[in-house]
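Residue numbers (the numbering used here): 5 to 116.
Next up, the structure:
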């Protein structure tokens, strides 16, 4: 292990791995990731899917849509299946306020 790096990412969960991936995509090759256990063995391991791009906050919705696209890109780049299955989902409006929220979120989603 070297004694000096341009950047050190602490934590090999989904966020740390993403930071390292994006630094590499930007051409940073003098970086290291430090993880005390196995990669994604912390809180990331049990967050198995359940992602979507329907969100009333346009910034979060864009980030969620980017993540979905990125997972396919990682599969292509690595040549390894990550086992992603886009099964869809359903959102239920149990009250008029929730229905309004769903309509607003869907309008935002359609602009992405």
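Every residue gets a Cβ at the ideal spot worked out from N, C-alpha and C, and that includes glycine.
Quantities reported herein were computed from a predicted structural model and do not represent experimental measurements.
*Mapping DSSP to helix, strand and coil, what is residue 74?*
For the purposes of this step, residue 74 is taken as residue 70 along the chain shown, with counting starting at 1. Residue 74 falls in the helix class under three-state DSSP.
*Can you name, in chain order, every residue of its own chain whose Cβ lies under 7 Å from the Cβ of residue 16, other than the five neighbours on each side?*
Locating residue 16 in the chain shown gives position 12, counting from the first residue. Counting only Cβ-Cβ distances below 7 Å, and skipping sequence neighbours, we find 37, 39, 43, 44.
*When burial is assigned at 16 or more other CB atoms within 10 Å of the CB, is residue 24 buried or exposed?*
Residue 24 sits at position 20 when you count from the first residue of the chain shown. Residue 24 sits buried, since 16 or more C-beta atoms from the chains shown fall within 10 Å of its C-beta.
*Give the secondary structure of residue 64 by DSSP, where H, G and I count as helix, E and B as strand, and everything else as coil.*
The count along the chain shown starts at 1 and reaches residue 64 at position 60. Looking at residue 64 - three-state DSSP - the assignment turns out to be helix.
*Return the Cβ separation of residue 86 and residue 75 in integer angstroms, given the expectation that the two are a contact with Cβ distance under 8 Å.*
Here residue 86 refers to the residue found at position 82 of the chain shown. Here residue 75 refers to the residue found at position 71 of the chain shown. The Cβ separation is near 6 Å, so the contact holds.
*What is the rounded straight-line gap between the Cα of residue 28 and the Cα of residue 21?*
Numbered from 1 along the chain shown, position 24 holds the residue referred to as residue 28. Numbered from 1 along the chain shown, position 17 holds the residue referred to as residue 21. Cα-Cα distance, rounded: 11 Å.
*List the whole-angstrom C-beta distance separating residue 109 from residue 58, where the pair is believed to meet the contact cut-off of C-beta under 8 Å.*
Position 105 of the chain shown, counting from 1, holds the residue named residue 109. Position 54 of the chain shown, counting from 1, holds the residue named residue 58. Taking 8 Å as the upper bound for CB-CB distance, residue 109 and residue 58 are in contact here, some 5 Å apart.
*Do you know how far the Cα of residue 67 is from the Cα of residue 105?*
Position 101 of the chain shown, counting from 1, holds the residue named residue 105. Position 63 of the chain shown, counting from 1, holds the residue named residue 67. Looking at the two C-alpha atoms, the distance is approximately 19 Å.
_residue 13, buried or exposed, once every other Cβ within 10 Å from all chains shown has been counted against 16_ = Position 9 of the chain shown, counting from 1, holds the residue named residue 13. Residue 13 counts as buried, since no fewer than 16 other beta carbons sit within 10 angstroms of its beta carbon.
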